[in-house]
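2 protein chains.
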Amino acid sequence: MEVTVPEAKLQLLASVALERMGIAAEDAALAARVLVLGELFGISTHGVGRVESYVERIRIGGIKARPDIRVERVAPTIARVDGDNGVGPLVGMRCLEAATAMARESGVGIAFARNSNHFGPVAPYSYIAAEQGFASIIGSNASTTIAPTGGKEARLGNSPVAFAVPNPGGSPIILDMALSVAARAKIRNAAKAGLPIPDTWATDKDGKPTTDANAALNGFLLPIGGHKGYGLALIVDLFAGLLSGAAYLTHVNSWSETPELPGNLGHFFLLIDVGKLGPQEWLAERMTDFAAILHATPPADPAKPVRLPGEFELNHLERQRREGITLDSALVERLQALAGRKQ
Amino acid sequence: MEVTVPEAKLQLLASVALERMGIAAEDAALAARVLVLGELFGISTHGVGRVESYVERIRIGGIKARPDIRVERVAPTIARVDGDNGVGPLVGMRCLEAATAMARESGVGIAFARNSNHFGPVAPYSYIAAEQGFASIIGSNASTTIAPTGGKEARLGNSPVAFAVPNPGGSPIILDMALSVAARAKIRNAAKAGLPIPDTWATDKDGKPTTDANAALNGFLLPIGGHKGYGLALIVDLFAGLLSGAAYLTHVNSWSETPELPGNLGHFFLLIDVGKLGPQEWLAERMTDFAAILHATPPADPAKPVRLPGEFELNHLERQRREGITLDSALVERLQALAGRKQ
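Top to bottom, those sequences are chains A and B.
In terms of my numbering, the first sequence is numbered consecutively and its last residue is 344.
In terms of my numbering, the second sequence is numbered consecutively and its last residue is 344.
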């Protein structure tokens, strides 16, 4: 059954649930903001449902409720952030704040985080940055699910990365993506339904492309574009994991296999103050023209007009801000139970 | 027939050929350096053969031999570069210099170029940056060959982009790629040979994936990873074309269709001084471990070990620096003719 919850109410509910696990009120609100925005965008796999797994991991000691997050500015535009094994979206928001401050001052700012955890969906950070006038490139590494091209052992994460450019006259353009052709969940669904999968999604355990969903579940996700996607996943790990001082490749601990151990994930947050490049009207006019040119492309199927990256999610956000956020009622009840009272 | 030319000799030959078209000696040397490095990497489609097309375009007035390239620093870490319709690799090298200076000072630097032309291969810039201790993200837009996902008209270029991280203890990792699954040249070769192509390479003119190479030549290149690659091509154009003040999407003039008009291409050069993140030994150790983990992946085919992006090209560079650069003798003769004497 589905229920509709207003944004402010869900923000409070998620915050209080995190607070009840010992997270400081201000920190809980920051982390909740990322997850609620994820929910607003319709990215429900990375929405408030994650609160439950954070709570679970804090309980077993895999994540610290009261981390001592330290931001060290090693250059006017570079910060190293030690997440001290706090919840990922909190570390992410601290990185975003640090990069924002540096970019406002100098034009560009980059924050590198180590000792962090899964930081939730990426688009919320990109959106917050865009609303303040910053273009951004933001990424995180992840535990290993992808084999390098030509290999038959997972050594790379399906690292998420997002690129965004603000539009002072309308919606930003936000590309938020993982680097596999398909998510593991899609393969799991095919296996359950007894259906084959396209041979471009995954390999079997020997690194050979397969259409057998069960064989794929024992194998590896295939990156987009073959060696190009392998290269991109590797680059995200170099920036997010290696340069940040975090774990990288097979050094990353898997949340699902060893939830009691710190993941030591890494992130990078690069922000650019595009207001330095020209007046708001100049940028608004160009962004609107850019979107119009793409929207005006004759569609291959007249029923399916050409869309921009993030367009679906931003429309979803607007509608859900107006009409409330649609959620599974059982999830809301579980969050209410975690929050300890009816919020 | 093939000949072998030492790097220094090829550098001189390419420089003098460009000088003879009226380009200032220092500028010609900079532009030649990019093309010679491309040749060293084995990227011969973007090597010294390009000198001929630059010469041709200068002759018909499509490119200025003596541009007044202006670098305007709009923030401590952001420069806007007006290429004044000079040859692309010259504008590119000026951007690289500007971004290097800012990154050395502040940690990060980004240069955005407008009024430029095809800037050659990307890897040489990434390599020069890496040799000086900078990680980089560098990209350019291009004239349109890709239809947006779901569209049936080319509105995006096959925009090249490169990401690189230096290794003070060995080779940098450089990922230099275009965003289509396959290059147009590969489809042309299949058409000539009367062979079908995989249905993932291109669409026909109606935007439907095709295995018919001739239909593909009348259609559009498919980006890697479907909508993900479409998104990436669009992001490169946003950074390189839109934010820089250059032309973007269908506003870019095609070199092949209107060679007499300025292309007004745009580029971006983002450099990060990774020396600020830790001592050289720290970075060298991590980069070497990172490469070792990937190289040690059990290969699907024992005859084909797992490689890193750019590895083939960097090995090629090392060998050709030692043994000389292998070139088509007819090309060398044409360059000698352009240079006006035996170099």
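Beta carbons are placed, not taken as given, at the ideal position from N, Cα and C, and that holds for glycine.
Since the structure is predicted, the reported quantities are computational estimates derived from the model, not experimental observations.
Exercise. Tell me which same chain residues have a C-beta within less than 6 Å of the C-beta of residue 214/A, skipping the five on either side of it?
Worked result: Correct list, in chain order: 188, 191, 192, 198.
Exercise. Does any CB atom of chain A fall closer than 8 Å to the CB of residue 344/B?
Worked result: Only weak support is given to the placement of residue 344/B: the predicted model assigns it a pLDDT of 44, under 50, and the question is left unresolved by the model.
Problem set entry | C-alpha distance - residue 265/A paired with residue 102/B, whole-angstrom precision | Their backbone Cα atoms lie some 33 Å apart in a straight line.
Problem set entry | Closer than 8 Å to chain B by CB, residue 152/A | Residue 152/A has a beta carbon lying within less than 8 Å of a beta carbon in chain B.
Exercise. Cβ of residue 291/A within 8 Å of Cβ of residue 243/B?
Worked result: Against a cut-off of 8 Å, the Cβ pair of residue 243/B and residue 291/A comes out as a contact.
For this session: Would you verify that the beta carbon of residue 226/B is, or is not, closer than 8 Å to some beta carbon of chain A?
Result: Chain A contact via Cβ: present.
Problem set entry | Cα-Cα separation, residue 8/B to residue 329/B | C-alpha of residue 8/B to C-alpha of residue 329/B: approximately 15 Å in a straight line.
Exercise. Are there 16 or more other CB atoms within 10 angstroms of the CB of residue 178/A, so buried, or fewer, so exposed?
Worked result: Answer is buried; the Cβ neighbour count reaches 16.
For this session: Pick out whichever of 100/A, 108/A, 155/A has its Cα sitting closest to the Cα of residue 129/A.
Result: Ranking 100/A, 108/A, 155/A by Cα distance to residue 129/A puts 100/A first.
For this session: Please check if any C-beta of chain B sits within less than 8 Å of the C-beta of residue 236/A.
Result: Chain B, which has a Cβ nearer than 8 Å to the Cβ of residue 236/A, makes this yes.
For this session: Return the chain-ordered list of same chain residues with a C-beta closer than 7 Å to the C-beta of residue 343/A, the five sequence neighbours on each side being excluded.
Result: A caution first: residue 343/A carries a pLDDT of 44, below 50, which makes its placement in the model unreliable, though a value can still be read off. 337.
Exercise. Where in the segment 115 to 199 of chain B do unbroken runs of the beta strand (DSSP E), each at least 3 residues long, occur, reported from the N-terminal end onward?
Worked result: DSSP runs (the beta strand (DSSP E)) wholly in the segment 115 to 199 of chain B: 135 to 141, 145 to 147, 162 to 166, 174 to 178.
Exercise. What three-state label does DSSP hand residue 39/A in the structure shown?
Worked result: It is helical.
For this session: Verify the CB distance criterion: does residue 101/A have a CB-CB separation below 8 Å to chain B?
Result: Not a single CB atom of chain B sits nearer than 8 Å to the CB of residue 101/A.
Problem set entry | Range of the contiguous beta strand (DSSP E) that encloses residue 267/B | Going by DSSP, residue 267/B is part of the beta strand (DSSP E) stretching over 266 to 274.
Problem set entry | Per-residue DSSP class, three states only, for residue 343/A | Any reading at residue 343/A must be qualified, since the residue scores a pLDDT of 44, below 50, and its modelled position is unreliable; the value itself is stated next. Here residue 343/A sits in coil by DSSP.
Problem set entry | Status (buried if at least 16 other CB within 10 Å, exposed otherwise) for residue 175/B | Flag for residue 175/B reads buried.
Exercise. Do residue 236/B and residue 164/A have their C-beta atoms closer together than 8 Å?
Worked result: Taking a C-beta distance under 8 Å as the contact criterion, residue 236/B and residue 164/A qualify as a contact pair.
Exercise. If we call anything under 8 Å between Cβ atoms a contact, is residue 274/A one with residue 135/A?
Worked result: Result yes, Cβ atoms of residue 274/A and residue 135/A sit closer than 8 Å.
Problem set entry | Contacts that residue 111/A makes with chain B (C-beta to C-beta distance below 7 Å) | What residue 111/A touches in chain B: 109, 273.
Problem set entry | Inter-residue spacing [alpha-carbon to alpha-carbon] between residue 317/B and residue 39/B | Each residue's Cα considered, the two are about 10 Å apart.
Exercise. Residues bridged to residue 204/B by DSSP?
Worked result: Under DSSP, the beta-bridge partners assigned to residue 204/B are 210/B, 221/B.
For this session: Measure the alpha-carbon distance for residue 27/B versus residue 95/B and round it to whole angstroms.
Result: So the two alpha carbons sit approximately 12 Å from each other.
For this session: Please report the residue range of the alpha helix (DSSP H) in which residue 52/B lies.
Result: Per DSSP, residue 52/B is one residue of the alpha helix (DSSP H) stretching across 51 to 60.
Exercise. Secondary structure at residue 324/B, three-state DSSP: helix, strand or coil?
Worked result: Correct three-state label for residue 324/B: helix.
Exercise. Within 8 Å (strictly less), CB to CB, does residue 126/A reach chain B?
Worked result: Residue 126/A does not count as touching chain B.
Exercise. Taking just the CA atoms, how far does residue 228/A sit from residue 223/B?
Worked result: Distance between the alpha carbons of residue 223/B and residue 228/A is about 16 Å.
Exercise. Comparing the C-beta of residue 164/B with each C-beta of chain A, is any distance below 8 Å?
Worked result: Residue 164/B counts as touching chain A.
Exercise. Is residue 278/B closer than 8 Å to residue 109/B when the C-beta atoms are compared?
Worked result: With contacts defined by Cβ atoms closer than 8 Å, residue 109/B and residue 278/B do not form a contacting pair.
Problem set entry | chain A contacts made by the segment 243 to 256 of chain B, where a contact means CB separation under 9 Å | Against chain A - using a Cβ distance shorter than 9 Å - the residues of the segment 243 to 256 of chain B are 243, 244, 245, 246, 249, 250, 251, 252.
For this session: Mind reading off the beta-carbon distance from residue 160/B to residue 238/B? Whole number of angstroms is fine, and I expect it under 8 Å.
Result: About 6 Å separates the two Cβ atoms, so the contact holds.
Exercise. Would you call the CB atoms of residue 170/A and residue 78/A closer than 8 Å?
Worked result: No, the pair does not count as a contact, with Cβ atoms beyond the cut-off.
Exercise. By a C-beta neighbour count over all protein chains shown, 10 Å radius and 16 as the cutoff for buried, is residue 51/A buried or exposed?
Worked result: Counting the other Cβ atoms within 10 Å of the Cβ of residue 51/A gives 16 or more, which makes it buried.
Problem set entry | Residues bridged to residue 82/A (per DSSP) | Residue pairing by DSSP places residue 82/A opposite 72/A, 114/A in a beta bridge.
Exercise. Ordered along the chain, which non-local residues of its own chain (more than five positions away) have a Cβ less than 6 Å from that of residue 44/A?
Worked result: If we look at residue 44/A and ignore the five residues flanking it on each side, its Cβ neighbours are 122.
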